[in-house]
């Protein structure tokens, strides 16, 4: 993964507010909260994120080839989203809506994390 752009949390939020919804090769260099954000159809490709997305919506979003370790998706709507080939160590998915999610080739602690594993994480 080659990061081309580093963003502060404030810069990232401003891009979201301005309507940007496709992010490639970015790293948000600060942890922080994005509670209740509408991130429907957002695309993250080869990104590094350590953010709290609790209660946000990610309907039809795509998270691909990214490092989302420690992200929090508690109570988030991930319906019909695609999570493909991501590193998800320490992610929290408790009570997330994963209806229709595509969840393949994701790893957690150096092991593949399957859709069945995700279903267990949602229950936590």
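Numbering (our numbering), first residue to last: 3 to 126. Glycine included, each C-beta is placed from N, C-alpha and C at the ideal position. As the structure is a prediction and not an experimental result, all values here were calculated from the model.
Going by C-alpha positions, residue 26 is about 15 Å away from residue 87.
Looking only at 6, 44, 15 and 70, the smallest Cα-Cα distance to residue 111 is reached by 70. Secondary structure at residue 32: coil, using DSSP grouped into helix, strand and coil.
Take residue 48, set aside five residues on each side of it, and the residues of its chain with a beta-carbon closer than 7 Å to its own are 3, 26, 27, 67 and 68, in chain order. In this structure, residue 104 lies near residue 84, with their beta-carbon atoms less than 8 Å apart. The DSSP assignment places complete beta strand (DSSP E) segments of no fewer than 3 residues inside the stretch 27-115 at 28-30, 45-47, 64-66, 84-86, 104-106, 108-110 and 113-115, in order along the chain.
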